[in-house]
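Asks: Mind having a look at this structure? Questions to follow.
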Amino acid sequence: MNRTIVAGALGNCVHVAGTVRFLSVAEELGYRTVFLGAANSVDRIVDAVKLEDPEIVGISYRLTPEVAERLVLELKGKLRAHGLLDRRFAFGGTPPVCDVIERLGLFERCFNGLEDPEDVWSYLRGKDGSAVSGEVEYGQTLFDRLEQKRPYPLLRHHFGLPTLDETIRGAKVIAESGVVDVMSIAPDQNAQESMFRPEEMDSDLDGAGGVPVRSAADLNAVYRASRCGSYPLLRIYSGTRDLVSWAEMAQQTVHNAWAAIPLCWYSRLDGRSTRTPEEAIAENQACMRWHGLRDIPVEVNEAHHWSLRDAHDTVSVVMSYLAAYNARAMGVTRYVAQYMFNTPPGTEGAMDLAKIAAQIEMVESLHGPEFISVRQIRAGLLHLSPKLLQAKGQLAASTMLALAVRPHIIHVVGFCEGDHAAGPDDVIESCEIVKGVLRNAMWGMPDVLHTPIIRDRKRRLMSEAEVTLKAISDLSEKGEDAFASPRVLVEAIRLGILDAPHLKGNAYAAGQLVTRVVGGAVDAVHPDTGQVISEAERLALCSARSGRSRAVSGGV
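Numbering (numbering that gives the first Met the number 0), first residue to last: 0 to 555.
This is the structure in structure tokens:
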């Protein structure tokens, strides 16, 4: 046998479109393919197997199940007579035909058209075992799973209902559906803030924002419930304090696929913790370091926190870079870079892509032998309409746009989030919507990233981001790594170098930035005139307000 696939339609069947697609995938994976065409007799297929000695034989038949059964039994008998059953056999047909053929014991896999396209890739890699035994192997680390699904992205969805029992039952339903590769468990705010200080919890707030996890046993129960179907990787949001304690528990219970840690947030900046910004940055960095020492991938979910608070696109690009920079500085070698589209609401497709493309280039400029990132995209939560039918369209449209950046992971946002937290049926439906987008838009789409409007906006954002980074660097003292120094980052926030309109009135931030959506992009504007200003002009205003004597250098 050699790495060859022989495939064609059997008997009087002339339907070969599925066979052609099957062989096309096989060729991309390095197989030599032999297409026998339509309406092959049993003897012709046997002769081809003898001549080509293939590793895999593909047979299709889409007509009457009873005729298919007779033909396949005849084929099986003649293959046995010639000693040719010592190879892999795959079948393609309609669901009624496959129901009959699966019982005949010749084929290790029957494709009935209900599969997802990535199932063919998995089969041809020999990754999905036997349809007879039902045993399926799934990668149980992030990078194993990525390799298994390549070139398709992993699908991730968050899940957490107001009671533990609901969440356990729902996790099982979602896993059994097979739609997700990664399930993110969302603990309630009580757990995130006070898991290790239960005396501080307010029981009236139990279940607010997620599942009321109260012990390692609770997480173990959710994990056990998910050990079926697609055996999804599990991960859980970091706490808003006691992050290393959370990390230890997450690793021991749900085998955290990767950690999601902020840089500046979960502090007095957003009110989700009593930590000062400097305390938060230092603790967040310590948690990154803990994961880096254990080679656990890390996501620093930072940039979109600024965009959610109406910061202009330049700050979002800067914070994408600083998030990845800090992860690398703390010893993280494998990084999950999340790119959130549609944020803030009102942004438009071309400008969204330009911002994300700038973020990607800035982050991936940090790549090297000891640091690599994967791209994770998601729709913006706040842009989804409470009108659920419209929200389904928005989810599909956002996903299709985001495929332009070739993501490795799609963080599927439940279409229902504008109305209610996603239950298991909502999670499954949202993932199926995204799978439908992948089926239509995974291949052959135009490369829009190089259109002039996107290219020019991306270049401008990167140039302006350098101005902001220079202003931050100028705050450092001798020997200090400005971009990883809690002191410097806090000072940059206090002075307004890093700022957002929603921070107005916050004692730890300048809160003086004024932004406006202009042509689908979020730009800084002059607080008096409302006119768009450059980053150098904005930072000069910050300098004047803060009373600093030295001018902010840089320009566009």
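Think of the CB as a built atom: it goes at the ideal place given N, C-alpha and C, for glycine as much as any other residue. All of these numbers come straight from a predicted model, not from anything done at the bench.
Which full runs of the beta strand (DSSP E) of 3+ residues lie inside the segment 406 to 431, going along the chain?
Replies: You should have 408 to 411.
Asks: Per the contact definition of three or more C-beta pairs closer than 8 Å, is the segment 489 to 508 in contact with the segment 263 to 270?
Replies: Counting Cβ pairs under 8 Å, three or more are found: they touch.
Asks: Just curious, the beta strand (DSSP E) that Cys109 is in, first and last residue?
Replies: Unbroken beta strand (DSSP E) run through Cys109: 108 to 110.
Asks: Does Leu307 come within less than 8 Å of chain C when only Cβ atoms are used?
Replies: Judged by its chain identifiers, the structure shown contains no chain C, having just a single protein chain.
Asks: Identify, in the order they occur along the chain, each residue of the same chain with its Cβ nearer than 6 Å to the Cβ of Val551, setting aside the five sequence neighbours on each side.
Replies: Caution is warranted here: a pLDDT of 44 is assigned to Val551, below 50, making its placement in the model unreliable, and no coordinate value can be reported.
Asks: Report the start-end ranges of each beta strand (DSSP E) in the segment 32 to 67 that is 3 residues or longer and not cut off at the edges.
Replies: Counting whole runs of 3 or more residues, the segment 32 to 67 contains the beta strand (DSSP E) stretches 53 to 59.
Asks: Looking at His410: is its Cβ nearer than 8 Å to the Cβ of Arg155?
Replies: Yes.
Asks: Which of the three DSSP states, helix, strand or coil, is assigned to Thr252?
Replies: Here Thr252 sits in helix by DSSP.
Asks: Rounded to the nearest angstrom, how far is the Cβ of Leu307 from that of Leu381, given a contact under 8 Å?
Replies: Yes, they are in contact, since the Cβ atoms of Leu307 and Leu381 sit about 7 Å apart, within 8 Å.
Asks: Whose CA, out of Arg168, Met461, Val335, lies closest to the CA of Asp217?
Replies: Cα-wise, what sits closest to Asp217 is Arg168.
Asks: Excluding the five sequence neighbours on either side, which residues of its own chain have a C-beta within less than 7 Å of the C-beta of Asn283, listed in chain order?
Replies: The residues are Leu242, Ile260, Pro261, Leu262.
Asks: Alpha carbon to alpha carbon, what distance is there between Ile453 and Val316?
Replies: Each residue's Cα considered, the two are about 15 Å apart.
Asks: Give me the Cβ distance between Gln147 and Ser121, rounded to the nearest whole Å; I'm assuming they're in contact under 8 Å.
Replies: About 7 Å; that satisfies the 8 Å criterion.
Asks: Looking at the strands, I want to know which residues DSSP matches up with Phe370.
Replies: Gly367.
Asks: Using the beta-carbon count (16 or more within 10 Å), is Ser439 buried or exposed?
Replies: For the record, residue 439 in the displayed sequence is Asn; it is not Ser. Burial call: exposed.
Asks: Drop a sphere of 10 angstroms on the beta-carbon of Ser397, count the other beta-carbons inside from all chains shown, and report buried for 16 or more, exposed for fewer.
Replies: With 16 or more other Cβ atoms within 10 Å, it is buried.
Asks: Terminal residues of the continuous alpha helix (DSSP H) containing Leu460?
Replies: Its alpha helix (DSSP H) spans residues 451 to 472.
Asks: Would you kindly work out how many angstroms separate the C-alpha atoms of Arg2 and Cys12, rounded to a whole number?
Replies: Between Arg2 and Cys12, the C-alpha separation is close to 26 Å.
Asks: Using CA coordinates, which residue listed in Ala328, Leu352, Glu277 is at the minimum distance from Pro580?
Replies: Beyond the ends of the chain as shown, which are 0 and 555, falls residue 580; an answer cannot be given.
Asks: Identify the continuous beta strand (DSSP E) that holds Ile496 and give its terminal residues.
Replies: First-last for Ile496: undefined, no H or E at that position.
Asks: Do you know offhand how far Ser475's Cα is from Ala481's?
Replies: Going by the C-alpha atoms only, they are around 5 Å apart.
Asks: Which first and last residues belong to the alpha helix (DSSP H) in which Arg515 is found?
Replies: Careful: Arg515 lies outside any alpha helix (DSSP H), inside the beta strand (DSSP E) at 514 to 517.
Asks: Whole angstroms is fine: what's the gap from Leu74's alpha carbon to Gly413's?
Replies: Between Leu74 and Gly413, the C-alpha separation is close to 47 Å.
Asks: Starting from Val15, follow the alpha helix (DSSP H) in both directions and report where the run begins and ends.
Replies: First-last for Val15: undefined, no H or E at that position.
Asks: Is it the case that the Cβ atoms of Val178 and Cys415 are separated by a distance below 8 Å?
Replies: Not in contact: Val178 and Cys415 (Cβ atoms no closer than 8 Å).
Asks: Considering just the uninterrupted stretch of the alpha helix (DSSP H) at His290, what are its terminal residues?
Replies: Its alpha helix (DSSP H) spans residues 276 to 292.
Asks: Using CA atoms only, rank isn't needed, just tell me which of Ser533, Cys286, His419, Gly495 is closest to Met461.
Replies: It is Ser533 whose Cα lies nearest to the Cα of Met461.
Asks: Between Gly330 and the rest of its own chain, which residues show a CB-CB distance below 7 Å, the 5 nearest in sequence each way excluded?
Replies: So the list reads Arg288, Gly291, Leu292, once near-sequence residues are dropped.
Asks: Count the other C-beta atoms from every protein chain shown that fall within 10 angstroms of the C-beta of Gln337, then say buried if there are 16 or more, exposed otherwise.
Replies: Buried is the call here.
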